[in-house]
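In the numbering used here, the protein residues as written are 24 to 375. Even glycine gets a Cβ: it sits at the ideal position worked out from N, Cα and C. This one's a predicted model, so the numbers in the text were calculated from it and none came from an experiment. In what follows, a single structure is set out as structure tokens and then discussed.
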């Protein structure tokens, strides 16, 4: 989901075009992140891409692509720019934006952050949500997770980080399917158990499909695409303690309910709640829904859309977490709706 807050208070970077998308490329060790990214940067549509690689990870771009470099930033023969996180990711992003504004680096049009194979993508998403200065230059994009078709079955069983990388993805890229087609096909059921909403996109060594994969991920990120039909909260299948709950409400919610829900989820669920995303209809605003997104205990400021993106006007909220108390979330929402409704009715009665 791609949302930029209008309430951020950080300093604006002069001359920086706002809302440059920041995508996160993650995946467990050896799953093919660097191969996919190297292929992507050879696509003409991605010639103006800035790449940030985790300092604990592998080198994000093949060495033979390097043209010139300075202490921190590397100019690539593809026309792209690469830098390594030397300290704090926020500082790196701000420095990159500042150099772009001053004309000291090419005018990149997007940023891709390649995490290390052992990294949880949650802190990156949280930084994009919380930092006011970042919101003037960047907007959160999609999370793309690579999955090794040969080793994923064992990795998902043994590595909680791998399960979190899959569960938080907007798109899943299954690599090395040409080495064992049968393994790739069997793996899709396991991935859909962890993340039934993300498209599963197979890729083969040497195939020129990177741009198509990125395009599919960008489309999948929309919150109204991930919610399913149905009337109430219910758990999806889960694997290794990662659950998904989907709440659908036919009637609009009172405006005061959402801040109360966000506060309660942040306080009581914390790190167990890997991701929340959705679109909500609000009483009195039939044409303008609100987008909700959160990562663990961090929630983006609620963002109004100018119009509904489809004919479906129901409220839809997706919760992804480890041992998420789905029934409690559903009951909490119902209680908040009833309580706020009672308060509003009492106020109207007193004013009559």
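To the nearest angstrom, how far is it from the Cα of residue i to the Cα of residue j?
{"i": "residue 190", "j": "residue 217", "result": "6 Å"}
{"i": "residue 187", "j": "residue 67", "result": "32 Å"}
{"i": "residue 210", "j": "residue 198", "result": "11 Å"}
{"i": "residue 374", "j": "residue 335", "result": "35 Å"}
{"i": "residue 177", "j": "residue 53", "result": "13 Å"}
{"i": "residue 107", "j": "residue 324", "result": "29 Å"}
{"i": "residue 281", "j": "residue 315", "result": "9 Å"}
{"i": "residue 365", "j": "residue 320", "result": "28 Å"}
{"i": "residue 271", "j": "residue 300", "result": "12 Å"}
{"i": "residue 144", "j": "residue 151", "result": "11 Å"}
{"i": "residue 337", "j": "residue 352", "result": "18 Å"}
{"i": "residue 164", "j": "residue 46", "result": "5 Å"}
{"i": "residue 229", "j": "residue 287", "result": "In this prediction, residue 229 scores a pLDDT of 45, lower than 50, which makes its location untrustworthy; the coordinate-derived value is nonetheless stated afterwards. Whole-angstrom Cα-Cα distance: 48 Å."}
{"i": "residue 105", "j": "residue 278", "result": "43 Å"}
Quick check on the DSSP output: the beta strand (DSSP E) that includes residue i runs from which residue to which?
{"i": "residue 298", "result": "296 to 305"}
{"i": "residue 339", "result": "338 to 345"}
{"i": "residue 137", "result": "133 to 137"}
{"i": "residue 72", "result": "72 to 76"}
{"i": "residue 222", "result": "First-last for residue 222: undefined, no H or E at that position."}
{"i": "residue 292", "result": "Unbroken run through residue 292: none, as it is neither H nor E."}
{"i": "residue 103", "result": "Note, residue 103: premise wrong, no beta strand (DSSP E); not H, not E."}
Would residue i be called buried (16 or more neighbouring beta carbons within 10 Å of its own) or exposed?
{"i": "residue 358", "result": "exposed"}
{"i": "residue 298", "result": "buried"}
{"i": "residue 193", "result": "buried"}
{"i": "residue 310", "result": "exposed"}
{"i": "residue 183", "result": "exposed"}
{"i": "residue 158", "result": "buried"}
{"i": "residue 127", "result": "exposed"}
{"i": "residue 137", "result": "buried"}
{"i": "residue 212", "result": "exposed"}
{"i": "residue 307", "result": "exposed"}
{"i": "residue 339", "result": "buried"}
{"i": "residue 155", "result": "exposed"}
For residue i, which residues does DSSP report across the bridge?
{"i": "residue 44", "result": "162"}
{"i": "residue 316", "result": "300"}
{"i": "residue 171", "result": "198"}
{"i": "residue 326", "result": "314"}
{"i": "residue 49", "result": "168"}
{"i": "residue 376", "result": "Here the chain covers residues 24 to 375 and nothing more, so residue 376 does not appear."}
{"i": "residue 321", "result": "318"}
{"i": "residue 308", "result": "305"}
For the alpha helix (DSSP H) that contains residue i, what are its first and last residues?
{"i": "residue 195", "result": "That residue, residue 195, is in no alpha helix (DSSP H); its beta strand (DSSP E) goes 194 to 198."}
{"i": "residue 277", "result": "No alpha helix (DSSP H) holds residue 277; DSSP gives it neither H nor E."}
{"i": "residue 151", "result": "145 to 153"}
{"i": "residue 141", "result": "Taken as a continuous stretch (DSSP letters only), residue 141 belongs to no alpha helix (DSSP H), as it is neither H nor E."}
{"i": "residue 121", "result": "112 to 124"}
{"i": "residue 188", "result": "183 to 190"}
{"i": "residue 62", "result": "56 to 64"}
I want to check one thing, is the minimum distance from the CB of residue i to the heavy atoms of the ligand SAM below 7 Å?
{"i": "residue 334", "result": "Inclusion of the ligand SAM in the displayed structure is not the case, the ligand content being empty and no account of it being possible."}
| request: Pair every Cβ in the segment 287 to 294 with every Cβ in the segment 120 to 140, then say whether three or more of these pairs are closer than 8 Å. | output: no
| message | Between the segment 337 to 357 and the segment 263 to 280, can you find at least three pairs of beta-carbon atoms closer than 8 Å? | response | yes
| contact_flag[the segment 326 to 337, the segment 364 to 371] where n(CB pairs < 8 Å) is 3 or more | no
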